[in-house]
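So the structure is just underneath, and the comments pick up after that.
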């Protein structure tokens, strides 16, 4: 008899989601995490001062209000909750103006109309179509394994969204420019595209309706992003599972084409009836030996594109008072917005910055987005104090070396703070209690799946999305030619961001294959239109 029914490699939120569904289905599950805490890209640390909680990777759980993981697993019973702020975005410009996006459609359109009445009308129609009428359709697409090209066309037709096929053939910038005339409105959506780590690639124009569909669905995890993996781990253990930290898997044991167990870094072995990899695609292939996969799968793993123009860089602040933005004189709701963009006024600013990053240079005009979580949830900071962060776009290497981030950390920290002060009036030394710059070079030091600072575990180019993520032969969450091997990380189909989709989808596939009780309901397309 095997040690476990199933072993899950990695303790990120997708791996734990899969483990939680399977444990609740009665499977004997073990989760093995190499770090000393679970979480992966959902971690919360006190990096500035004691009591100030900073989300180190994921912060905006986009679309989590429709994620079945919350209701299916009753995560509130295990300490996880989220908020959905009413004022979602503020996009600030150097001239002191701003666009504010709210869950109140009329107020949003009034804000956009200050720049273009035509764009306000266009947004109203687009929001009605994609964010109100069809949002559950997009969610159903997320919480089901991807179909092939013919199946995708059938889904579009069934969802009465024939235009998506036409969008998919274009670049996101082309689709954005077609729908909006104001450069301020255009650059808001273009920055939003890059904020979710997508890019302006041919064949990815479908990002536009997805951005619209979820433009007012950014949620905030109460008490920190780390509460999600903690809740999932507690549920696994509550249903008889085991969650081990400091347990680094060195090898997936494959015998006669079947996954049999794992070998840990300490030399010990564990056996199971099935294995689930929650780590990145190339690492999964290496752990199970490339020769056990078809040649084209092994080749794609070798040539995996980790990231494109930018990685993740975070400027964390511990504050006496929240930032007060100059643009609040133009629109007072700016200071009440959850996600605040600044640093690029038009497409040209963005293109210059992206070119500099491709060339391995620190941007001359840094741009990005950030938030002051403690404004919405006071538990993020000591009473009366605040935490804030800014995500400026940045490349993994500078001048061909990622170590430059260590050498010039303080210099870049001061540069970024100076840019932030151009938009906020009160970020002087009397308000900033402590700062901490988390660089792209820091990311893979903690999470080895985030190679080159790839927080999505793989770039969002056309051949790494949909059924191509990670490879058409693995798009169903099974391990290609290896029996009993599955995968559910952010590099899997529908992966990237915090939504639990790969873990949810993989759990359904595993339950069917292994004869487990699928106690949860499907996210059906019939109920989503």
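Numbering (our numbering), first residue to last: 62 to 590.
Quick reminder that beta carbons are idealized off the backbone N, C-alpha and C, glycines included.
What you are looking at is a predicted structure, and each value in this text was computed from that prediction instead of being measured.
- Item | Cβ-based neighbour list, residue 541, same chain, cut-off 8 Å, excluding 5 preceding and 5 following | 354, 355, 358, 532, 534, 535
- Message: Comparing C-alpha positions only, which one of 242, 303, 286, 237 sits nearest to residue 272?
- Response: 237
- Which class does residue 293 belong to by DSSP, given the choice of helix, strand or coil? helix
- Task: Mind reading off the beta-carbon distance from residue 86 to residue 572? Whole number of angstroms is fine, and I expect it under 8 Å.
- Result: 6 Å
- Assigned secondary structure, residue 251 (DSSP; H/G/I helix, E/B strand, else coil): helix
- Query: By the 10 Å Cβ neighbour count, where 16 or more other Cβ atoms means buried, how is residue 129 classified, buried or exposed?
  - Reply: buried
- DSSP on residue 497, reduced to helix/strand/coil? strand
- Query: Hey, residue 376 and residue 450 are a contact pair by Cβ (cut 8 Å); roughly how many whole angstroms apart?
  - Reply: 6 Å
- Compare the beta carbon distance of residue 162 and residue 246 with 8 Å and say whether it is the shorter of the two. no
- Query: Hey, would you say residue 460 sits closer than 8 Å to residue 426, going by beta carbons?
  - Reply: no
- Query: Taking C-beta to C-beta, are residue 504 and residue 373 nearer than 8 Å?
  - Reply: yes
- Task: Would you check if the distance between the CB atom of residue 96 and the CB atom of residue 457 is smaller than 8 Å?
- Result: no
- Query: Roughly how many angstroms lie between the CA atoms of residue 297 and residue 93, to the nearest whole one?
  - Reply: 12 Å
- Rounded to whole angstroms, what's the CA-CA distance from residue 77 to residue 208? Just pull it up for me. 25 Å
- Task: Enumerate, from N- to C-terminal direction, the unbroken alpha helix (DSSP H) stretches of 4 or more residues contained entirely within the stretch 356–433.
- Result: 356–363, 408–419
- In the structure shown, what three-state DSSP assignment does residue 583 receive? coil
- Query: Any idea what DSSP makes of residue 656, helix, strand or coil?
  - Reply: Since the first residue of the chain shown is 62 and the last is 590, residue 656 is not available in this structure.
- Item | Alpha carbon of residue 216 to alpha carbon of residue 228, nearest angstrom | 15 Å
- Item | residue 276, DSSP secondary structure in three states | coil
- Task: Starting from residue 348, follow the beta strand (DSSP E) in both directions and report where the run begins and ends.
- Result: Looking at the DSSP string, residue 348 is not in any beta strand (DSSP E); the run it does join, the alpha helix (DSSP H), is 342–348.
- On the three-pair Cβ rule with 8 Å, is the stretch 329–344 touching the stretch 507–519? yes
- Item | Close beta carbons around residue 63, own chain, < 6 Å, minus the five adjacent residues each side | 332, 333, 334
- Task: Count the CB pairs spanning the stretch 389–396 and the stretch 280–289 that are closer than 8 Å, and state whether there are at least three.
- Result: no
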